[in-house]
Structure formats: structure tokens, C-alpha cells
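Visitor: Below: one structure in C-alpha cells.
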Amino acid sequence: MTELLIGYARVSTNEQDLTAQQNALERLGVRPNPIYTDHGLTGTNRARPGLREALAACRSGDTLVVAKLDRLARSLRDAKDIVDELTAKGVKLSIGGSVHDPNDPVGRLLFNVLAMVAEFESDLIRARTREGMQVAKAKGRLRGRPPKLSPAQQKHLMEVYNADTHTTTELAELFNVARSTIYRTIQRQHRGNG
Numbered sequence: 000m001t002e003l004l005i006g007y008a009r010v011s012t013n014e015q016d017l018t019a020q021q022n023a024l025e026r027l028g029v030r031p032n033p034i035y036t037d038h039g040l041t042g043t044n045r046a047r048p049g050l051r052e053a054l055a056a057c058r059s060g061d062t063l064v065v066a067k068l069d070r071l072a073r074s075l076r077d078a079k080d081i082v083d084e085l086t087a088k089g090v091k092l093s094i095g096g097s098v099h100d101p102n103d104p105v106g107r108l109l110f111n112v113l114a115m116v117a118e119f120e121s122d123l124i125r126a127r128t129r130e131g132m133q134v135a136k137a138k139g140r141l142r143g144r145p146p147k148l149s150p151a152q153q154k155h156l157m158e159v160y161n162a163d164t165h166t167t168t169e170l171a172e173l174f175n176v177a178r179s180t181i182y183r184t185i186q187r188q189h190r191g192n193g
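Numbering (numbering that gives the first Met the number 0), first residue to last: 0 to 193.
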């Protein structure tokens, strides 16, 4: 049986394009048909349909090819888990044209360094995003989702709630919202007044 080169490409957002990765995989010898892709899914999420299909398609003697390691995994643990799964199946991993050998100490070191860099980049992105959200919130630009109930409805809800004549479920039905909205509104009102 001939060795198959199976490609995998991923972009984190639906606005990004897979073309550059697909072209890189084709230059590395992967035919377009066995290139599995994921759109709009972060590398920290292991539940990716394209990755699952790519791993399932790999047979002993095949090689899973990725343009860069961070396209495969964004954490050291996930990267190692994927490599362990491939190794158990007798499948090799090619990262940008270099075949990873899990039995070679230098290869393992380089792989771990690349995986740690991918994880570090992911952590930096998360930190920058959090920081940007804090700045936007401080400037009043980030408000989150608007409340389901208007201020007048919230006031009426609190009057009915304080009268203690209805259960939370009845209040939810009365105001045509979920019980969680009732709980959240009550909690916000108590925080604002307490």
C-alpha cells in the first residue's frame, strides 16, 4: 500500500483564508483532495471536525502534513496528544516539510519548543484581547448584550418580586423571559441597591 500525504489546515476566524496554507501543503506534495480544513475554530479547541476527519483518514505508513505546528495545536498538551495518537497508528507528522521523529531526542526537543511557542502565542493573543476589552470597557465602548427587560420592566419585575406573590417560574412566564433572566435581573437590582 502506498504512503498517503494527508493535509490539514485551519484558520481561527471565518474572515481568514485557507489558500496560503493549502498552497503550502500542495507544494509539500499533498494532493488537494486529502486536505482537511477547519474554518473559524481556534487551535485550543480539540473538537474540530476537520482535524477529526484528518486523523481518522490516517493509516499506518501515512503522513499527516501541516504547514505550521500552530495550525495543528495551540497547546503543548494537545500537540503531544495528537502526536501520540499518530505514533500509535504508525503515522508520521510533517511540519512545514520536516518530518517529526518522536524517537529522536533532538526532534522531540524541537517539537516541544515549537509547541510551547504556539501555546505562548495563543496566551499572548488571549491577553491582548482581554486588555483591549478592558480599555474598550473603560472608554464605554464595550457594554455587552443589552438587558432583555427595559428599565421600566425591571422596575415592575422588582415590585412584583418584592410583593412575594409569584414564583420565579411564574415571573418568567409573566415577563416572557427565561428564569435565568429573572435571577440575573434580581441580582443586578440587589447589587445596585446594596
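Glycine is no exception: its CB is placed at the ideal position from the N, C-alpha and C atoms. Please read these numbers as outputs of a predicted model, since none were measured by experiment.
Excluding the 5 residues preceding and the 5 following E120 in the sequence, name in chain order all residues of the same chain whose CB lies nearer than 6 angstroms to its CB.
Guide: Hits under 6 angstroms: none found.
Visitor: Straight-line CA distance for V29 to R127?
Guide: Spanning the two alpha carbons is a distance of roughly 35 angstroms.
Visitor: State yes or no: is the C-beta of A78 within less than 7 angstroms of the C-beta of A23?
Guide: Result no, Cβ atoms of A78 and A23 do not sit closer than 7 angstroms.
Visitor: Counting Cβ pairs, one atom from each stretch, are 3 or more of them under 8 angstroms apart for the segment 142-157 and the segment 180-188?
Guide: The segment 142-157 is in contact with the segment 180-188.
Visitor: Have a look at P101 and L85 and give me their C-alpha separation to the nearest angstrom.
Guide: Cα to Cα, the separation comes out at about 10 angstroms.
Visitor: So who's on the other strand from G106, going by DSSP bridges?
Guide: In the DSSP output, where bridge partners are listed per residue, G106 has none listed.
Visitor: Does P33 pass the burial test, meaning 16 or more other C-beta atoms within 10 Å, or should it be called exposed?
Guide: With 16 or more Cβ atoms within 10 Å of its Cβ, P33 is classed as buried.
Visitor: Let me confirm a value: A97 is counted as buried when at least 16 other C-beta atoms fall within 10 Å, else exposed. Which label applies?
Guide: Rather than Ala, the amino acid found at residue 97 in this sequence is Ser. When all chains shown are included, S97 counts as exposed.
Visitor: For S149 and R129, what's the separation of their Cα atoms in angstroms?
Guide: Those two C-alpha atoms are separated by around 29 angstroms.
Visitor: State the Cα-Cα distance for the pair G193 and A151, rounded to the nearest angstrom.
Guide: Legend: pLDDT at G193 = 49, less than 50; position of this residue unreliable, no value from coordinates given.
Visitor: Of the residues T62, C57, I181 and R70, which one's Cα is nearest the Cα of D37?
Guide: The candidate whose alpha carbon is nearest that of D37 is R70.
Visitor: With C-beta atoms as the reference, is V82 less than 7 angstroms away from L4?
Guide: No, these two residues do not count as a Cβ contact at 7 angstroms.
Visitor: Have a look at the DSSP bridge pairing and note the partners of R9.
Guide: Partner(s): D37.
Visitor: Apart from the five residues just before and just after T62, which ones in its own chain have a Cβ nearer than 8 angstroms to its Cβ?
Guide: Counting only Cβ-Cβ distances below 8 angstroms, and skipping sequence neighbours, we find E2, L3, L4, I5, V90, K91, L92, S93 and V98.
Visitor: I'd like to know whether the C-beta atoms of R73 and A117 end up nearer to each other than 7 angstroms.
Guide: Yes. Within cutoff.
Visitor: Looking at C-alpha atoms only, which residue of F110, T180 and G60 is the closest neighbour of D80?
Guide: When each option's Cα is compared against that of D80, the closest is F110.
Visitor: Is the CB-CB distance between R47 and L54 below 7 angstroms?
Guide: Going by C-beta atoms, R47 is not nearer than 7 angstroms to L54.
Visitor: Bridge partners of I94, per DSSP?
Guide: Answer is V65 and S97, bridged to I94.
Visitor: Alpha carbon to alpha carbon, how far is K147 from Y182?
Guide: Whole-angstrom Cα-Cα distance: 12 angstroms.
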